[in-house]
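J.:
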Amino acid sequence: MNRLPRCSWARSFSQGPAAARPVTLDYFKWFLPVQTRFKDNDSYGHMNNAVYHAISDSLVNVFLTRQAGCSLDNSDETARFMVKTLCTYYQPISFPNVYLGGLAITKLGQSSVDYEMGLFALNSDQFHTQNFNLVHGNFLADLGHVDLDEKSRCLGQFTHVFVDPKRGFRPTPIPSPVKVILQKLCTSTVVPP
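For the sequence shown, my numbering gives the first residue as 1353, with consecutive numbering after it.
1. According to DSSP, HIS1405 sits in a beta bridge with which residue or residues?
2. Below 8 Å on the Cβ atoms is my guess for PHE1521 versus ARG1432; work out the distance and round it to an integer in Å.
3. I'd like to know whether the C-beta atoms of LEU1298 and ILE1457 end up nearer to each other than 8 Å.
4. I need the straight-line Cα distance from PHE1365 to LEU1507, nearest angstrom please.
5. Which same chain residues, not among the five before or five after PRO1529, have their C-beta less than 6 Å away from its C-beta?
6. Curious, which full-length alpha helix (DSSP H) runs of at least 4 residues does the stretch 1454-1499 contain?
7. For PRO1525, which of helix, strand or coil comes out of DSSP?
8. Is there contact between the stretch 1464-1471 and the stretch 1421-1430, where contact requires at least three CB pairs shorter than 8 Å?
9. Go to LYS1436, then tell me how far its beta strand (DSSP E) extends in each direction, as first and last residue.
10. Is it buried or exposed, THR1430, if we count other Cβ atoms within 10 angstroms and call 16 or more buried?
11. Looking only at DSSP bridge pairs, what is ASN1393 linked to?
12. Got a sec? Which residues, its chain only, sit under 6 Å from ASP1499 by beta carbon, not counting five neighbours each side?
13. From ASN1401 to ALA1493, what distance separates their C-alpha atoms?
14. To the nearest angstrom, report how far apart PRO1517 and THR1539 are at their CA atoms.
15. Alpha carbon to alpha carbon, what distance is there between LEU1460 and HIS1497?
16. By a C-beta neighbour count over all protein chains shown, 10 Å radius and 16 as the cutoff for buried, is LEU1438 buried or exposed?
17. Leaving out five residues on either side along the sequence, give the residues of the same chain with a beta carbon under 6 Å from the beta carbon of VAL1435.
18. State yes or no: is the C-beta of TYR1451 within less than 8 Å of the C-beta of PHE1472?
19. For LEU1424, name the three-state secondary structure that DSSP assigns.
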(Lines of atoms letter the chains of each structure in order from A and count residues from 1; the text may use other names and numbers.)
(Lines give C-alpha, C1' and ligand atoms only; values in the text may rest on other atoms or scores of the structure.)
Protein backbone atom coordinates (compact mmCIF):
# COMPACT_ATOMS: atom_id res chain seq x y z
CA MET A 1 0.00 0.00 0.00
CA ASN A 2 1.40 3.39 -1.01
CA ARG A 3 1.31 6.20 1.49
CA LEU A 4 0.47 9.66 0.30
CA PRO A 5 3.24 12.21 0.79
CA ARG A 6 2.82 14.55 3.69
CA CYS A 7 1.43 17.89 2.55
CA SER A 8 3.75 20.72 3.44
CA TRP A 9 1.00 23.28 2.73
CA ALA A 10 -1.22 21.73 5.42
CA ARG A 11 1.59 21.97 7.96
CA SER A 12 2.39 25.59 7.09
CA PHE A 13 -1.29 26.55 6.88
CA SER A 14 -2.00 25.28 10.38
CA GLN A 15 1.03 27.13 11.70
CA GLY A 16 0.48 30.32 9.67
CA PRO A 17 -0.42 33.79 10.92
CA ALA A 18 -4.05 32.97 11.70
CA ALA A 19 -3.10 29.92 13.77
CA ALA A 20 -0.82 32.05 15.93
CA ARG A 21 -3.38 34.84 16.40
CA PRO A 22 -4.98 35.33 19.81
CA VAL A 23 -8.40 33.74 19.79
CA THR A 24 -9.38 34.06 23.43
CA LEU A 25 -12.58 35.76 24.57
CA ASP A 26 -10.85 38.93 25.79
CA TYR A 27 -9.40 39.55 22.31
CA PHE A 28 -12.86 40.32 20.90
CA LYS A 29 -14.71 43.53 21.73
CA TRP A 30 -18.39 42.89 20.89
CA PHE A 31 -20.54 39.76 21.17
CA LEU A 32 -23.82 38.34 19.92
CA PRO A 33 -25.30 34.84 20.41
CA VAL A 34 -25.46 32.67 17.28
CA GLN A 35 -28.06 29.90 17.05
CA THR A 36 -27.10 27.11 14.67
CA ARG A 37 -29.83 25.70 12.44
CA PHE A 38 -30.56 22.13 11.32
CA LYS A 39 -29.70 23.00 7.72
CA ASP A 40 -26.24 24.30 8.78
CA ASN A 41 -24.92 20.76 9.29
CA ASP A 42 -23.29 18.97 6.39
CA SER A 43 -23.05 15.23 5.73
CA TYR A 44 -20.23 14.96 8.30
CA GLY A 45 -22.45 16.23 11.12
CA HIS A 46 -20.78 19.60 11.59
CA MET A 47 -21.41 23.08 10.26
CA ASN A 48 -20.67 23.56 6.57
CA ASN A 49 -17.79 25.93 5.86
CA ALA A 50 -19.96 28.37 3.87
CA VAL A 51 -22.09 28.97 6.98
CA TYR A 52 -19.09 30.35 8.89
CA HIS A 53 -18.78 33.08 6.26
CA ALA A 54 -22.51 33.84 6.44
CA ILE A 55 -22.28 34.16 10.23
CA SER A 56 -19.31 36.52 9.90
CA ASP A 57 -21.25 38.67 7.44
CA SER A 58 -24.30 38.71 9.74
CA LEU A 59 -22.30 39.66 12.84
CA VAL A 60 -20.69 42.62 11.07
CA ASN A 61 -23.97 43.84 9.59
CA VAL A 62 -25.86 43.49 12.88
CA PHE A 63 -23.13 45.59 14.51
CA LEU A 64 -23.17 48.19 11.72
CA THR A 65 -26.97 48.55 11.70
CA ARG A 66 -27.72 48.35 15.42
CA GLN A 67 -24.63 49.98 16.89
CA ALA A 68 -23.34 52.31 14.14
CA GLY A 69 -26.69 53.27 12.58
CA CYS A 70 -25.92 52.08 9.04
CA SER A 71 -28.86 51.14 6.84
CA LEU A 72 -29.34 47.99 4.81
CA ASP A 73 -31.61 49.60 2.20
CA ASN A 74 -28.93 51.65 0.39
CA SER A 75 -30.29 54.92 1.80
CA ASP A 76 -26.87 55.78 3.26
CA GLU A 77 -24.35 57.89 1.35
CA THR A 78 -22.06 54.85 1.35
CA ALA A 79 -22.41 51.12 0.77
CA ARG A 80 -20.12 48.35 2.02
CA PHE A 81 -18.59 45.62 -0.11
CA MET A 82 -17.07 42.47 1.36
CA VAL A 83 -13.82 42.09 -0.59
CA LYS A 84 -12.01 39.35 1.35
CA THR A 85 -13.04 36.43 3.54
CA LEU A 86 -11.02 33.73 5.23
CA CYS A 87 -11.85 31.28 7.99
CA THR A 88 -9.48 29.10 9.97
CA TYR A 89 -11.18 26.18 11.73
CA TYR A 90 -9.92 24.90 15.08
CA GLN A 91 -12.80 22.72 16.36
CA PRO A 92 -16.10 21.65 14.79
CA ILE A 93 -19.38 23.47 15.34
CA SER A 94 -22.77 21.81 14.90
CA PHE A 95 -26.53 22.07 15.29
CA PRO A 96 -28.37 22.35 17.73
CA ASN A 97 -25.85 24.36 19.74
CA VAL A 98 -25.74 28.07 20.55
CA TYR A 99 -22.40 29.87 20.28
CA LEU A 100 -21.25 33.32 21.26
CA GLY A 101 -19.88 35.25 18.28
CA GLY A 102 -17.13 37.76 19.02
CA LEU A 103 -16.07 40.62 16.76
CA ALA A 104 -12.90 42.74 16.65
CA ILE A 105 -11.23 45.13 14.21
CA THR A 106 -7.57 44.62 13.35
CA LYS A 107 -7.23 47.46 10.84
CA LEU A 108 -9.29 50.61 10.45
CA GLY A 109 -8.29 52.49 7.31
CA GLN A 110 -9.69 55.50 5.47
CA SER A 111 -12.17 53.43 3.44
CA SER A 112 -11.67 49.83 4.58
CA VAL A 113 -12.06 47.78 7.76
CA ASP A 114 -10.45 44.43 8.60
CA TYR A 115 -12.59 42.39 11.01
CA GLU A 116 -11.99 39.18 12.92
CA MET A 117 -14.74 36.91 14.20
CA GLY A 118 -14.59 34.03 16.67
CA LEU A 119 -17.27 31.57 17.78
CA PHE A 120 -17.17 30.32 21.37
CA ALA A 121 -19.02 27.23 22.62
CA LEU A 122 -21.07 27.42 25.80
CA ASN A 123 -19.89 24.94 28.42
CA SER A 124 -23.39 24.55 29.81
CA ASP A 125 -26.92 24.87 28.49
CA GLN A 126 -27.53 27.65 31.00
CA PHE A 127 -26.69 31.16 29.82
CA HIS A 128 -26.77 33.44 32.87
CA THR A 129 -25.51 36.97 32.65
CA GLN A 130 -27.14 40.21 33.69
CA ASN A 131 -28.03 42.92 31.19
CA PHE A 132 -27.18 40.80 28.14
CA ASN A 133 -28.83 42.37 25.09
CA LEU A 134 -29.83 39.66 22.60
CA VAL A 135 -30.82 42.21 19.94
CA HIS A 136 -28.08 44.85 19.99
CA GLY A 137 -25.23 42.67 21.24
CA ASN A 138 -22.81 43.45 24.04
CA PHE A 139 -19.38 44.92 24.45
CA LEU A 140 -16.81 42.92 26.43
CA ALA A 141 -17.18 45.10 29.55
CA ASP A 142 -20.93 44.33 29.66
CA LEU A 143 -20.56 40.60 29.10
CA GLY A 144 -20.18 39.53 32.72
CA HIS A 145 -19.27 35.92 33.50
CA VAL A 146 -20.32 33.42 30.87
CA ASP A 147 -19.16 29.79 30.99
CA LEU A 148 -17.53 29.44 27.56
CA ASP A 149 -14.68 27.57 25.93
CA GLU A 150 -11.40 29.37 26.58
CA LYS A 151 -10.55 29.54 22.87
CA SER A 152 -12.60 30.24 19.78
CA ARG A 153 -13.70 27.33 17.58
CA CYS A 154 -12.72 29.34 14.49
CA LEU A 155 -11.19 32.61 13.41
CA GLY A 156 -12.92 34.42 10.56
CA GLN A 157 -11.05 37.27 8.87
CA PHE A 158 -12.75 39.58 6.41
CA THR A 159 -12.50 43.05 4.89
CA HIS A 160 -15.20 45.60 4.12
CA VAL A 161 -14.59 48.51 1.75
CA PHE A 162 -16.89 51.52 2.00
CA VAL A 163 -17.94 52.69 -1.48
CA ASP A 164 -19.96 55.52 -3.01
CA PRO A 165 -22.86 54.18 -5.13
CA LYS A 166 -23.22 57.58 -6.85
CA ARG A 167 -19.61 57.47 -8.07
CA GLY A 168 -19.63 54.01 -9.62
CA PHE A 169 -19.00 52.22 -6.30
CA ARG A 170 -15.53 53.72 -5.91
CA PRO A 171 -13.93 53.52 -2.46
CA THR A 172 -14.93 56.43 -0.24
CA PRO A 173 -13.97 57.49 3.30
CA ILE A 174 -15.80 55.80 6.15
CA PRO A 175 -18.34 58.33 7.51
CA SER A 176 -17.01 59.96 10.70
CA PRO A 177 -19.93 58.90 12.98
CA VAL A 178 -19.52 55.27 11.82
CA LYS A 179 -15.74 55.40 12.29
CA VAL A 180 -16.17 56.57 15.90
CA ILE A 181 -18.32 53.50 16.63
CA LEU A 182 -15.96 51.16 14.76
CA GLN A 183 -13.06 52.34 16.93
CA LYS A 184 -14.76 50.62 19.89
CA LEU A 185 -13.95 47.27 18.23
CA CYS A 186 -10.27 48.00 17.57
CA THR A 187 -7.73 45.67 19.13
CA SER A 188 -4.83 47.20 21.02
CA THR A 189 -2.56 46.72 17.98
CA VAL A 190 -4.64 48.93 15.66
CA VAL A 191 -3.14 52.32 14.86
CA PRO A 192 -5.90 54.71 13.73
CA PRO A 193 -5.19 56.36 10.34
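For each residue, glycine too, the CB sits at the ideal point set by N, CA and C. Just so we're clear, the structure is a prediction, and the values are computed from it rather than from any experiment.
T.: This is what the structure gives:
1. Mapped onto the sequence shown, residue 1405 falls at position 53. Answer is none; HIS1405 lacks a bridge partner.
2. For this step, residue 1521 is matched to residue 169 along the sequence shown. For this step, residue 1432 is matched to residue 80 along the sequence shown. Not confirmed; about 11 Å, so no contact.
3. No answer is possible for residue 1298: the residues shown for the chain start at 1353 and end at 1545.
4. Here residue 1365 refers to the residue found at position 13 when the sequence shown is read from its first residue. Here residue 1507 refers to the residue found at position 155 when the sequence shown is read from its first residue. Bear in mind that the predicted position of PHE1365 carries a pLDDT of just 40, short of 50, making it too unreliable to give a figure here.
5. In the sequence shown, residue 1529 corresponds to position 177, counting from 1. For PRO1529, where only same-chain residues beyond five positions count, there are no Cβ hits under 6 Å.
6. none
7. Residue 1525 sits at position 173 when you count from the first residue of the sequence shown. Correct three-state label for PRO1525: coil.
8. no
9. Mapped onto the sequence shown, residue 1436 falls at position 84. Residues 1431-1441.
10. Numbered from its first residue, the sequence shown carries residue 1430 at position 78. By the neighbour-count rule (16 or more Cβ atoms within 10 Å), THR1430 is buried.
11. Within the sequence shown, the letter at position 41 stands for residue 1393. The partner list for ASN1393 (beta bridge, DSSP) reads MET1399.
12. Within the sequence shown, the letter at position 147 stands for residue 1499. Correct list, in chain order: ASN1475 and SER1476.
13. For the purposes of this step, residue 1401 is taken as the residue at position 49 of the sequence shown. For the purposes of this step, residue 1493 is taken as the residue at position 141 of the sequence shown. Between ASN1401 and ALA1493, the C-alpha separation is close to 30 Å.
14. Within the sequence shown, residue 1517 is the residue found at index 165, counting from 1. Within the sequence shown, residue 1539 is the residue found at index 187, counting from 1. Taking the straight line from one Cα to the other gives about 30 Å.
15. Along the sequence shown, read from residue 1 onward, the residue named residue 1497 stands at position 145. Along the sequence shown, read from residue 1 onward, the residue named residue 1460 stands at position 108. For HIS1497 and LEU1460, the distance between alpha carbons rounds to 29 Å.
16. For the purposes of this step, residue 1438 is identified with residue 86 of the sequence shown, where counting begins at 1. It counts as exposed.
17. Along the sequence shown, read from residue 1 onward, the residue named residue 1435 stands at position 83. THR1511 and VAL1513, listed in sequence order.
18. As a position in the sequence shown, residue 1451 is number 99, starting the count at 1. As a position in the sequence shown, residue 1472 is number 120, starting the count at 1. Against a cut-off of 8 Å, the Cβ pair of PHE1472 and TYR1451 comes out as a contact.
19. In the sequence shown, the residue the question calls residue 1424 occupies position 72. Note: LEU1424 maps to coil in three-state DSSP.
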